[in-house]
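Take a look at the structure set out below.
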Amino acid sequence: MATRTRVVWAPVRSTIRHIGTGAGVNPAKQASAAAATAIAPQPSHIYHTPSIQDEILLVNTLRDYRILRNRWFREGKTVGFVPTMGALHDGHASLAERARRENDIVVSSIFVNPAQFAPTEDLAKYPRTLERDLAILDEAGVDVAFVPSVEEMYPAGIVLDVGAQAGSFVEVKGKSHQMEGMIRPHFFRGVATVVTKLFNMMQPTRSYFGQKDIQQCIVIKSMIRDLHIPTDIVIAPTIREHDGLAMSSRNRYLSAEERSVAPILYRALAEARDVYNRGGSRREDIILAAEKVIEADPRAKLEYLSLANPSSLREEEKVTRREGAILSGAVRIGKTRIIDNLLLGTSVERLSSQN
Numbered sequence: 017m018a019t020r021t022r023v024v025w026a027p028v029r030s031t032i033r034h035i036g037t038g039a040g041v042n043p044a045k046q047a048s049a050a051a052a053t054a055i056a057p058q059p060s061h062i063y064h065t066p067s068i069q070d071e072i073l074l075v076n077t078l079r080d081y082r083i084l085r086n087r088w089f090r091e092g093k094t095v096g097f098v099p100t101m102g103a104l105h106d107g108h109a110s111l112a113e114r115a116r117r118e119n120d121i122v123v124s125s126i127f128v129n130p131a132q133f134a135p136t137e138d139l140a141k142y143p144r145t146l147e148r149d150l151a152i153l154d155e156a157g158v159d160v161a162f163v164p165s166v167e168e169m170y171p172a173g174i175v176l177d178v179g180a181q182a183g184s185f186v187e188v189k190g191k192s193h194q195m196e197g198m199i200r201p202h203f204f205r206g207v208a209t210v211v212t213k214l215f216n217m218m219q220p221t222r223s224y225f226g227q228k229d230i231q232q233c234i235v236i237k238s239m240i241r242d243l244h245i246p247t248d249i250v251i252a253p254t255i256r257e258h259d260g261l262a263m264s265s266r267n268r269y270l271s272a273e274e275r276s277v278a279p280i281l282y283r284a285l286a287e288a289r290d291v292y293n294r295g296g297s298r299r300e301d302i303i304l305a306a307e308k309v310i311e312a313d314p315r316a317k318l319e320y321l322s323l324a325n326p327s328s329l330r331e332e333e334k335v336t337r338r339e340g341a342i343l344s345g346a347v348r349i350g351k352t353r354i355i356d357n358l359l360l361g362t363s364v365e366r367l368s369s370q371n
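Take a look at the structure:
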């Protein structure tokens, strides 16, 4: 289980500064940024190394960001990018910290992407905690926070009804319909579209994603290969709570009782992994072990379990030692969906490096 070292917080940065070029900045955004400048980092276990500047920069428009990016190009700087939808936790912080170690500049975006929500999903209820998020990014050593408006990201506008949408969208065929795609059929269309936009805008050297969203990682790797997008994808291990629950922004929706049930998916996947580690390779045996754990608690409603090829995401009848497999699943506890995965016979390092 991946864990993070708790260390003593030491103040390196003290302010959050907004960058704007006058005409490109909305007064409402300036007011929001002014509120953000009042944030002082609080003592935290999040550790970061000193960056090239003493304050995180808050940027709202591509026009303003490109001024910075062009300068970094001229100076030969490498740029690490951590895309997020906000409501940050230690998993996001760990990605930013790794990007800090491996790049000259670190940029993180905060954008709640409407295109990956279905009309039946409540976009308005997704947690938005900008001031707290900026403080977390600042402590993690991020140089620039890119916080665009919906209008900046979708010039043609965006509605949740896919049939009524206008503008350009990206679809990754063959890897978006299974697993999470079975439950959320248009989700990866929205993900691929917004990530393509962000890659084009941020122009990162390396981009960082968490293993928890493993299908998203595979979809994005396929997309950058097919569209010749010049960034390296780095997949980092899932960061977990003390009881194994994968950290997620949606965990805050859980009641106290639901939170006590939530680790059941991890326990189920771990039980199935034990079958593999003891020499089992048949899908039937591996999936059955996980099903038994989940079915033992009626408070957890199983949505799916998957044993998929790490490259193609096709369901496997048998795990081969040469390729391994992705063991994943989703359960619903109350109104909250919990997703998780474990890797059998492969690793995030191997998945990061494969084409």
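By the working numbering, the letter at position 113 of the sequence shown is numbered 129, and the numbering carries on one by one without gaps. Even for Gly, the Cβ is constructed at its ideal location relative to N, Cα and C. What you are looking at is a predicted structure, and each value in this text was computed from that prediction instead of being measured.
Excluding the 5 residues flanking residue i on each side, which residues of the same chain have their C-beta closer than 8 angstroms to its C-beta?
i, result
"residue 283", "260, 309"
"residue 270", "278, 349, 350, 352"
"residue 181", "131, 174, 175"
"residue 373", "The chain is shown from 17 up to 371; residue 373 falls before or after that span and cannot be answered."
"residue 384", "Lying before the first or after the last residue shown, residue 384 is absent from the chain, which here runs from 17 to 371."
"residue 322", "194, 195, 331, 342, 343, 344, 345"
"residue 263", "105, 106, 107, 228, 254, 255, 256, 257"
"residue 369", "none"
"residue 125", "97, 98, 99, 100, 161, 162, 163, 164, 214, 218"
Using a 10 Å radius around the Cβ and a threshold of 16 neighbouring Cβ atoms, would you call residue i buried or exposed?
i, result
"residue 306", "buried"
"residue 172", "exposed"
"residue 239", "buried"
"residue 198", "exposed"
"residue 215", "buried"
"residue 359", "buried"
"residue 100", "buried"
"residue 138", "exposed"
"residue 201", "exposed"
"residue 273", "exposed"
"residue 168", "buried"
"residue 179", "exposed"
"residue 110", "buried"
"residue 184", "exposed"
"residue 206", "buried"
"residue 209", "buried"
"residue 189", "exposed"
"residue 75", "buried"
"residue 141", "exposed"
"residue 295", "exposed"
For residue i, which residues from the same chain have a beta carbon less than 7 angstroms from its beta carbon, with the 5 sequence-adjacent residues on both sides left out?
i, result
"residue 326", "339, 340, 341, 342, 362, 367"
"residue 18", "Only weak support is given to the placement of residue 18: the predicted model assigns it a pLDDT of 44, under 50, and the value that follows is read from those uncertain coordinates. Within the same chain, residue 18 has close Cβ partners 253, 254, 255, 256."
"residue 316", "277, 280, 310, 347, 349"
"residue 382", "Because the chain in this structure spans residues 17 to 371, residue 382 falls outside the shown range and cannot be described."
"residue 85", "219"
"residue 371", "241"
Can you tell me whether DSSP reads residue i as helix, strand or coil?
i, result
"residue 294", "coil"
"residue 331", "strand"
"residue 222", "strand"
"residue 323", "strand"
"residue 259", "coil"
"residue 209", "helix"
"residue 235", "helix"
"residue 185", "coil"
"residue 353", "strand"
"residue 170", "coil"
"residue 93", "coil"
"residue 243", "coil"
"residue 364", "helix"
"residue 371", "coil"
"residue 308", "helix"
"residue 175", "coil"
"residue 104", "coil"
"residue 338", "coil"
"residue 287", "helix"
"residue 88", "helix"
"residue 134", "coil"
"residue 191", "coil"
"residue 270", "coil"
"residue 151", "helix"
Return the bridge partner residues of residue i from the DSSP annotation.
i, result
"residue 317", "348"
"residue 343", "323, 358"
"residue 99", "125"
"residue 158", "Paired residues: none, contrary to the question."
"residue 252", "226"
Between residue i and the ligand SAM, is there a pair consisting of the residue's CB and a ligand heavy atom that are separated by less than 6 angstroms?
i, result
"residue 304", "Among the components modelled here there is no ligand, and therefore nothing to report on the ligand SAM."
Spatial neighbours of residue i within its chain, please: CB distance less than 6 angstroms, with the 5 preceding and 5 following residues excluded, ordered by chain position.
i, result
"residue 177", "135"
"residue 103", "143, 145, 265"
"residue 364", "227, 251, 253"
"residue 47", "Residue placement at residue 47 cannot be trusted, given a pLDDT of 36 that sits under 50; the coordinates are not used to answer."
"residue 248", "222"
"residue 318", "310, 347"
Notebook entry, point to check: Would you call the region 228 to 243 and the region 86 to 95 touching, i.e. three or more CB-CB distances under 8 angstroms?
Noted result: no
Notebook entry, point to check: Quick one: any contact between the region 105 to 123 and the region 209 to 228, if contact means 3 or more CB pairs under 8 angstroms?
Noted result: Because the criterion of three Cβ pairs below 8 angstroms is met, the region 105 to 123 and the region 209 to 228 touch.
Next item on the list: Evaluate contact between the region 142 to 162 and the region 288 to 302, counting only Cβ atoms and requiring at least three cross-stretch pairs below 8 angstroms.
Entry: No, because fewer than three Cβ pairs between the region 142 to 162 and the region 288 to 302 fall closer than 8 angstroms, the two stretches do not touch.
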